[in-house]
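Keeping their order, the protein sequence lines are chains P and C. Taking my numbering, the leading residue of the first sequence gets 1, the next gets one more, and so forth. Taking my numbering, the leading residue of the second sequence gets 1001, the next gets one more, and so forth. Heads up, the beta-carbon is just placed ideally off N, CA and C, and yes, glycines get one too. None of these values were measured; they are calculated from a predicted model. Here is the structure we will look at.
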Amino acid sequence: MQVLWLYLDFLSLQLDSLYQARQSEDNNVPIVLLDKHDNLVVQLNSAAQACGIRKGMGLGSAAALHRELQVMEYRREVEVVKLEEIARWLYTCTSDISFWPPNGLLLRIQNMLSMYGGLTSYWQAIQARLQPLQLSYRYGCGLTPLAARMLARSGQGVISQECNLLRSRVDDCDLEQTELDGKIRHQLARVGIKRVGQLSAIPPGELAKRFDVQLATYLGRLNGVFHHPVDFYHPPETFVQYLELMYEIENSQVLQHPIRRLLTNLENFLRQRDKLTTELHFCLSLRDTDALEFKVQSAQGEYRAEIWLALTSLKLERLSLPQPAYAIQLSVNQLLENSGQESDLFDGRRALHSPAQLLSRLQAKLGKEAIWGLAAQDDFRPEHSSRYIEPLQGSDTIQWPIPCLRPSLLFEPPRPLTEKVSLLHGPERIQTGWWDSQDVCRDYFIARSAQGQWLWVFRTPQAKWYAHGIFS
Amino acid sequence: MNPILDHLKNKGWLWQAEFRRTASQVPPTGGFEALDHHLPGGLAAYPVVEIHSPPGIGELRLLLPGLAAQSRQDNRLVAWIAPPHKLNAESLHHAGLPLFRMLIIQPQDPKQALWAAEQCLGSGACQSVLLWHGDLEVAQLKRLQQAGKQGQAQLFLFRTRQSLSLSLPVPLSLTLSAHATGLSIRVNKCRGSWPPPPFELDLRKRWPYLCLQQAPLPQDHGKVIPFHRAS
């Protein structure tokens, strides 16, 4: 089967991926991205286009055309990251995806055509998949990767699998559209070769004699004579997404909106893999100071954006931003299998939340240090026999004898006894703990204060009296 | 009947003096027997129970048997929100409460305590919520009630501050004070009927060491067990 490639060329990837709270036409602020090295405009939005700003313009002339022009720095790494997100997004539609950084994706499509029943419906599926990303792109089919790339970048939008048509389209292309060196192009132009077709007509041997090996290799790959190795994309096991904000955000509540977008992407990611996660890492990049990192945890594995958003907003309430944030990164490292939740259908009770879900909510808002479980420990010392532990973790198997008369509330630490009490029962001596240097020697009594409070008091060998608990 | 009266009655805002809940209306929970005897409908019939009590006279011991009995039927959590001191696992275990279903919440401030209480009540994951709180406004109480209704959970509200205003619209409000044989209980408010007269609750049987007077000895105590001599 003839190999067929589709190349997607994203024209303004960094610009399109900027978070725009509302991509509305009414607040038409012209934005341009500027290449730092030569101070030329490389990407611009439609508003900037309307002002007369063009690609390749200098900063001075662009700024002169509109006084509210917003200028941002072009960053190749942002595009590369975004490209990977697009690949991940497209992966559900098509299998063989290869990166052409910074802004191109190459798809090997001939394998997919039988699944989609032809090129037309395949292309429709790809377009539909790309539509929600709201990116502007050019596309083109080709018999070789380089041919597809060239046709895509020429802007002709050729979607076809007919070899003759594709070949003739390639032959029609100007040498300007190839990726050849300016020097070689100039040399070729001087001998009257202006189109790819003219170049291909020359026998390769003749070309190799007169030009260097780069041209021969390029031409061989373009025409499919030479094999062109391509690395394909494999979806990652973990989720990392970086979102640059259109405006710096100072209020942590406002952050909810971009975070919702990230969480929706996470939901898609997890749902495609049928996985859950229990922990999200957020990293807020702040102006003039170190990035702020925080975790959002759920005791129960969860994938739904809605639930994560509720937990995250509880966390955000407790957070104050020292500096405005300009970017958010969400990463998830641990994925769990979705094992399904079982609850008794005939329980008769509407279990709105499971205990683990309740715990996640409480922990998100109050902090982990505010929620505890309770466990007994085999120790005679009251400080050790009752412990606060991680919530919902304890067990109810107690293998040792439990003393029957103990106060329900313990003072921690024991308080010096300051009021007059009458001792009613006791003493009960507790003398132990010599092995861990927290040894105690106490005589415990049950006492009643004048107000009728039942206290658990003890006397130390130094005849000091303390109250250790109340029989509430 | 007057439709307005009918409407009010259906809403539960109006009740008639002869109306008494019968025991059959209330699922038998056990454990609260001592109290159930005095309260129309039993303690379990009241979704919110407000308790005014000085600390340490037995206000928790009053509830522990009932909570334990409920825990045997209901495998949901018991939430303790802002208890004044550290809970003792041994005591709760001895009372029959399953320790692994205890959830202890120590919020930073009373506002967070209310939030946590509302979450616990409304989640459907808790059978009972015990909340220690000072001042509560009517609107806050209503929210808690609503949440408790949604999650089918009972709220025990310990008023830590002795406030004179008893006007909170709680279904049941008790004032406890110490007594030689246990507790002396005054019912301030009891939805659906006139509050019963103050009564003493005898805890001597269950907590013999935590009462001033000893329980009367059982009748057969003086029986002499014949000592078998080896012959």
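- Between Arg1204 (chain C) and chain P, the shortest Cβ-Cβ separation is not below 8 angstroms.
- When DSSP states are grouped into helix, strand and coil, Phe269 (chain P) belongs to the helix group.
- Counting of Cβ neighbours within 10 angstroms places Asp9 (chain P) among the buried residues, the total reaching 16 or more.
- Contact check for Tyr444 (chain P) against Glu428 (chain P) passes: the beta carbons are separated by less than 8 angstroms.
- Contact check between the region 370 to 377 of chain P and the region 305 to 325 of chain P: fewer than three CB pairs, one atom from each, fall below 8 angstroms, which does not count as touching.
- For the region 428 to 454 of chain P, the residues whose beta carbon sits under 9 angstroms from a beta carbon of chain C are, in order, Ile446, Arg448, Ser449, Gln451, Gly452, Gln453, Trp454.
- Here the region 1039 to 1050 of chain C makes contact with the region 1180 to 1199 of chain C; the two share three or more CB pairs at distances below 8 angstroms.
- Contact between Ser472 (chain P) and Gly1056 (chain C) holds, since their C-beta atoms are separated by about 6 angstroms, short of 8 angstroms.
- Checking the DSSP bridge columns, you'll see Leu423 (chain P) partnered with P:Ala447.
- At least one beta carbon of chain C lies nearer than 8 angstroms to the beta carbon of Ala370 (chain P).
- With the rule of 3 Cβ pairs closer than 8 angstroms, the region 223 to 241 of chain P does not count as touching the region 46 to 59 of chain P.
- The beta carbon of Pro391 (chain P) sits closer than 8 angstroms to some beta carbon of chain C.
- The region 1063 to 1082 of chain C makes no contact with the region 318 to 337 of chain P, as fewer than three CB pairs between them are under 8 angstroms.
- Listed along chain P, the residues sitting closer than 8 angstroms to Glu1059 (chain C) by beta-carbon distance are Ser472.
- Using a CB distance below 9 angstroms, the part of the region 1118 to 1138 of chain C facing chain P consists of Gln1119, Cys1120, Gly1122, Ser1123, Gly1124, Ala1125, Cys1126, ordered along the chain.
- Taking 8 angstroms as the CB threshold, Glu412 (chain P) lines the interface with chain C.
- Boundaries of the alpha helix (DSSP H) harbouring Lys183 (chain P): 182 to 190, taken from the DSSP string.
- With fewer than 16 neighbouring CB atoms inside 10 Å of its own CB, Cys404 (chain P) falls in the exposed class.
- For Leu362 (chain P), the neighbours in chain C by C-beta distance under 7 angstroms run, in chain order, Ile1105, Ala1116, Gln1119.
- Each of C:Glu1137, C:Gln1213, C:Leu1155 was checked against the Cα of Leu1121 (chain C), and the nearest Cα belongs to C:Leu1155.
- For Asp35 (chain P), the closest Cβ of chain C is not nearer than 8 angstroms.
- Between the region 1042 to 1053 of chain C and the region 314 to 329 of chain P, the count of Cβ pairs shorter than 8 angstroms is below three; the stretches do not touch.
- Contact between Leu286 (chain P) and Ala325 (chain P) holds: their C-beta atoms lie close to 5 angstroms from each other, under 8 angstroms.
- The beta carbon of Ser449 (chain P) is closer than 7 angstroms to those of Glu419, Val421, Leu455 in its chain, skipping five residues each way along the sequence.
- Gln297 (chain P) is bridged by DSSP to P:Glu279.
- If you draw a straight line from the Cα of Gly301 (chain P) to the Cα of Leu1097 (chain C), it comes to about 28 angstroms.
- For Asn1188 (chain C), the enclosing beta strand (DSSP E) covers residues 1182 to 1190.
- Residue ranges of uninterrupted beta strand (DSSP E) with 3 or more members, entirely inside the region 97 to 166 of chain P and ordered along the chain, are 104 to 108, 137 to 142.
- Using beta-carbon distances, Ala1068 (chain C) does not count as an interface residue toward chain P, since no partner is under 8 angstroms.
- Under the 8 angstroms criterion on CB atoms, Glu1050 (chain C) is classed as non-interfacial with respect to chain P.
- Unbroken beta strand (DSSP E) stretches of 3 residues or longer found wholly inside the region 1067 to 1109 of chain C: 1077 to 1081, 1102 to 1105, given in chain order.
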